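Per the working numbering, the sequence shown starts with residue -10, numbered consecutively.
Heads up, the thing below is written out as structure tokens.
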Amino acid sequence: MKRINYPAPSGAYKICVNHKASWQNYDTCRLQISVGKPNYEGDKFSALCEWAGARFDRTVLIVSDTLQRHNLRYQRNCDAATAWKLSRLEGELWLHRNAGALRHLQNPAILRWDELLMHPSYRVIDTTPALDQAIEHTIREFWSRHDYDPTLYFAFHHHSRTFLIEELSIFSYLFEDPAIDVYAGSWFHQLMAVLFPQKDYLGVDYVRNRKSA
């Protein structure tokens, strides 16, 4: 069992766990990084790294940069090659901007999305009626939270489904390596319940650290 008393956060934010799991028995943490999301920039990302570094002997950063190419297809109405180049560049820029935060981590490792797609264990998962239903629910829920042009719905639905199936396909072999997976934001709980009902994972958020200087 890991120690209970951890160093107080030193920066502008501290971590609040909003989806709990039994993480104390894990030595390795996988941070699922959504490139382009504010939760993975600046002081917030630094707080996340400080939190992980104090609790885990090793942290693997899953940099989901080129996964975002599916979103770019409908957001910028671009072709597949352009979307890949743009998302790959965003990954490079993200790594450059946030390199300083990695000093908080113990034994950090970085895996970018293209590396995961080229892994010999990668296979596109077969869907089932239960998974299809969960995917449809997730897509509709995400659409309802955004003020998108209604004419984009067909493209949004198509590329969102491709996004989710690709991400879940990566998870299907990635989760075979023991680690607690951490995401700063909301997991797609319905999808996780269908495919990975026994999987331990954490959802975290940020609150202002009033004790910071």
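Cβ coordinates follow ideal geometry from the N, Cα and C atoms, glycine included.
Owing to the predicted nature of the structure, the values given are computational and were not obtained by experimental measurement.
Would you kindly check if the distance between the Cβ of residue j and the Cβ of residue i is under 7 Å?
i	j	result
residue 0	residue 36	yes
residue 137	residue 21	no
residue -3	residue 191	no
residue 146	residue 59	no
residue 70	residue 61	no
residue 51	residue 100	yes
residue 188	residue 152	no
residue 126	residue 179	yes
Look at the alpha carbon of residue i and the alpha carbon of residue j, and state the distance between them as a whole number of angstroms.
i	j	result
residue 57	residue 76	6 Å
residue 144	residue 54	20 Å
residue 196	residue 150	32 Å
residue 3	residue 120	35 Å
residue 42	residue 31	16 Å
Could you tell me if residue i is buried or exposed, where buried requires 16 or more neighbouring beta carbons within 10 angstroms of its beta carbon?
i	result
residue 18	buried
residue 98	exposed
residue -6	exposed
residue 33	buried
residue 87	buried
In its own chain, which residues sit with a C-beta less than 7 Å from the C-beta of residue i, not counting the 5 before and 5 after it?
i	result
residue 129	none
residue 39	-2, -1, 0 and 93
residue 107	none
For residue i, which residues of its own chain have a beta-carbon under 8 Å away from its beta-carbon, when the five flanking residues on both sides are left out?
i	result
residue 16	45, 46 and 47
By Cβ distance below 6 Å, which residues in the same chain neighbour residue i in space, the five residues on each side in sequence not counted?
i	result
residue 113	158
On a Cα-Cα basis, can you pick out the residue from the options that is closest to residue i?
i	options	result
residue 83	125, 26 and 170	26
residue 78	97, 89 and 103	103
residue 111	29, 156 and 32	156
residue 122	183, 23, 161 and 200	183
residue 13	167, 185 and 199	167
residue 115	89, 109, 161 and 139	161
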